[in-house]
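**Q** Just so you know, we're using the numbering used here here: the sequence shown kicks off at 43 and counts up by one. Even glycine gets a Cβ: it sits at the ideal position worked out from N, Cα and C.
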Amino acid sequence: MMSRRLGQWVMALALLAGGILCILPIWLMLSTSLKFSADAYDLSLIPANPTLGNYVKILGEGRFPLWFANSMIVALATTASVLFFDSLVGYTLAKYRFRGQKLVFILILSTLMIPTEMLVIPWYVMAKNFGWMDSYWGIMFPGMMTGFGTFLMKQFFETVPDELLDAARIDGLGEFAIFRRIALPLVKPALAALAIFIFLGNWAAFLWPLIITNSRDLYTLPVGMAFFSGEHQAEWEMIMAGAAIASLPTLVAFLLFQRHIIKGITLSGLKS
């Protein structure tokens, strides 16, 4: 009994230490965002003279609200596209039998082994040839479908009983209606987990939006905030204020989909 209680205390202390380590960077970000420029390099956890001036300045001046809107448009559009197309392809691969099915699935999986950096030049040439430079579509098109999402959705759709789909066919439902009304509701945890992964990836994307955009009005948040760091001096108080605002959509997404996300991640680890 004593050894069990001791183990529980050790585990609780370890979890507490891990929680503090996770929260500390966020606390430092919020603390720095409330400091004046002269105090930005002071690592105190509580600002001596807190101010909301950085938030007022970043929201009222410059293009920060526009960059925020650009990131939101790109992240939401790509997430919606991935959820639709990846789930549709995953459903097709899981529930239909056709010649070359395994080859198609292997080719899709092989895209996961290609580093993103190797694709930047082909993407750039493609965007330039099709006139997609400096546009929302130019920013979004590389992420409209993903191999990871297709694999994840295929694994979940394989757990959907074929008897349910056959019963729907007997009742006269078309194939797309079966997919939309029968299969999709049964894989909501996978959709929620995939949605948050894709949203976070596109919300925080930096390299490709930096390459494809020339106009500052089309910058996304990560690209725009990089300009607060000059050649000789970085405005850390402004960067931290911007980072604090930029983290709000991700926090809201986690709060809204936490139950589905945890369930989706747990179940995905059980798939064979």
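Alpha helix (DSSP H) containing Phe241: first to last residue?
**A** If you number the sequence shown from 1, residue 241 lands on position 199. Note, Phe241: alpha helix (DSSP H), Lys230 to Trp245.
**Q** When the distance is taken between beta carbons, is Ile181 closer than 8 angstroms to Ile240?
**A** Indexing the sequence shown from 1 puts residue 240 at position 198. Indexing the sequence shown from 1 puts residue 181 at position 139. No, the Cβ-Cβ distance between Ile240 and Ile181 is not below 8 angstroms.
**Q** Under 7 angstroms Cβ to Cβ from Phe190, same chain only, skipping five residues before and after it: list those, please.
**A** Position 148 of the sequence shown holds residue 190. Excluding residues within five positions, the ones whose Cβ falls inside 7 angstroms are Leu154.
**Q** Could you say which of Leu135, Thr201, Lys77 and Gly49 lies nearest to Asn91 if we only look at CA atoms?
**A** By one-based count along the sequence shown, residue 91 stands at place 49. Taking only the C-alpha atoms, the option nearest Asn91 is Lys77.
**Q** Examine the Cβ distances between the segment 197 to 215 and the segment 152 to 170 and report whether three or more of them are shorter than 8 angstroms.
**A** no
**Q** If Thr74 sits next to Glu277, beta carbons under 8 angstroms apart, how far is it from one beta carbon to the other, in whole angstroms?
**A** As a first step, residue 74 is located in the sequence shown; it is residue number 32 there, counting from the start. As a first step, residue 277 is located in the sequence shown; it is residue number 235 there, counting from the start. Contact doesn't hold; Cβ gap of about 11 angstroms is too wide.
**Q** Are at least three pairs of beta-carbons, each pair with one atom in the segment 222 to 239 and one in the segment 127 to 145, less than 8 angstroms apart?
**A** yes
**Q** Go to Gly102, then tell me how far its alpha helix (DSSP H) extends in each direction, as first and last residue.
**A** Taking the sequence shown and counting its residues from 1, one reaches residue 102 at position 60. Its alpha helix (DSSP H) spans residues Gly95 to Gly102.
**Q** Round the Cβ separation of Leu72 and Ala286 to the nearest angstrom and send it over; I've been treating them as touching at under 8 angstroms.
**A** Translated into the one-based positions of the sequence shown, residue 72 becomes position 30. Translated into the one-based positions of the sequence shown, residue 286 becomes position 244. Their Cβ separation, rounded to whole angstroms, is 6 angstroms, which keeps Leu72 and Ala286 in contact under 8 angstroms.
**Q** Taking 8 angstroms as the threshold, find out whether the segment 108 to 127 comes into contact with the segment 244 to 251 through three or more Cβ pairs.
**A** yes
**Q** Within the same chain, show all residues whose beta-carbon is closer than 7 angstroms to that of Ile17, passing over the 5 residues directly before and after it, in chain order.
**A** Past the boundaries of the shown model lies residue 17; the chain is included only from 43 to 314, so the question cannot be answered.
**Q** For Gly102 and Lys137, I'd like the C-alpha separation in whole angstroms.
**A** Position 60 of the sequence shown, counted from the first residue, corresponds to residue 102. Position 95 of the sequence shown, counted from the first residue, corresponds to residue 137. Using only the alpha carbons, I get a separation of about 52 angstroms.
**Q** Is there a C-beta anywhere in chain B that falls below 8 angstroms from the one on Phe183?
**A** No chain B is part of this structure, which consists of one protein chain only.
**Q** Assuming Trp109 and Tyr261 are in contact, meaning their beta carbons sit under 8 angstroms apart, how far apart are those beta carbons, in whole angstroms?
**A** Numbered from 1 along the sequence shown, position 67 holds the residue referred to as residue 109. Numbered from 1 along the sequence shown, position 219 holds the residue referred to as residue 261. Right, their Cβ atoms sit about 5 angstroms apart.
**Q** Indicate whether Leu236 and Leu125 have their beta-carbon atoms separated by less than 8 angstroms.
**A** Here residue 236 is taken as the residue at index 194 of the sequence shown, counted from 1. Here residue 125 is taken as the residue at index 83 of the sequence shown, counted from 1. Their beta carbons are under 8 angstroms apart, which means Leu236 touches Leu125 by this criterion.
**Q** Count the other C-beta atoms from every protein chain shown that fall within 10 angstroms of the C-beta of Asn256, then say buried if there are 16 or more, exposed otherwise.
**A** The residue given as residue 256 occupies position 214 in the sequence shown. Classification for Asn256: exposed.
**Q** Go to Lys77, then tell me how far its alpha helix (DSSP H) extends in each direction, as first and last residue.
**A** The count along the sequence shown starts at 1 and reaches residue 77 at position 35. Unbroken run through Lys77: none, as it is neither H nor E.
**Q** Following the continuous alpha helix (DSSP H) through Asn91, name the residue where it begins and the one where it ends.
**A** Taking the first residue of the sequence shown as 1, we reach residue 91 at position 49. Note, Asn91: premise wrong, no alpha helix (DSSP H); not H, not E.
**Q** Just mark Ala295 as buried or exposed, buried being the case when its beta carbon has 16 or more other beta carbons within 10 Å.
**A** Within the sequence shown, residue 295 is the residue found at index 253, counting from 1. By the 10 Å Cβ count, Ala295 comes out buried.
**Q** To the nearest angstrom, how far is the alpha carbon of Pro291 from that of Trp179?
**A** Taking the sequence shown and counting its residues from 1, one reaches residue 291 at position 249. Taking the sequence shown and counting its residues from 1, one reaches residue 179 at position 137. Distance between the alpha carbons of Pro291 and Trp179: 22 angstroms.
**Q** Restricting to Cα atoms, I'd like to know which of Gly266, Met267, Ala169 and Leu297 is closest to Ile238.
**A** Walking along the sequence shown from the start, residue 238 turns up at place 196. The residue with the shortest Cα to Cα distance from Ile238 is Leu297.
**Q** Does Val265 pass the burial test, meaning 16 or more other C-beta atoms within 10 Å, or should it be called exposed?
**A** On the sequence shown, position 223 is the one that residue 265 refers to. Buried, because 16 or more other Cβ atoms sit within 10 Å of the Cβ of Val265.
**Q** Over what stretch of residues does the alpha helix (DSSP H) that includes Ile181 continue unbroken?
**A** On the sequence shown, position 139 is the one that residue 181 refers to. Run containing Ile181: Tyr178 to Met182, per the alpha helix (DSSP H) assignment.
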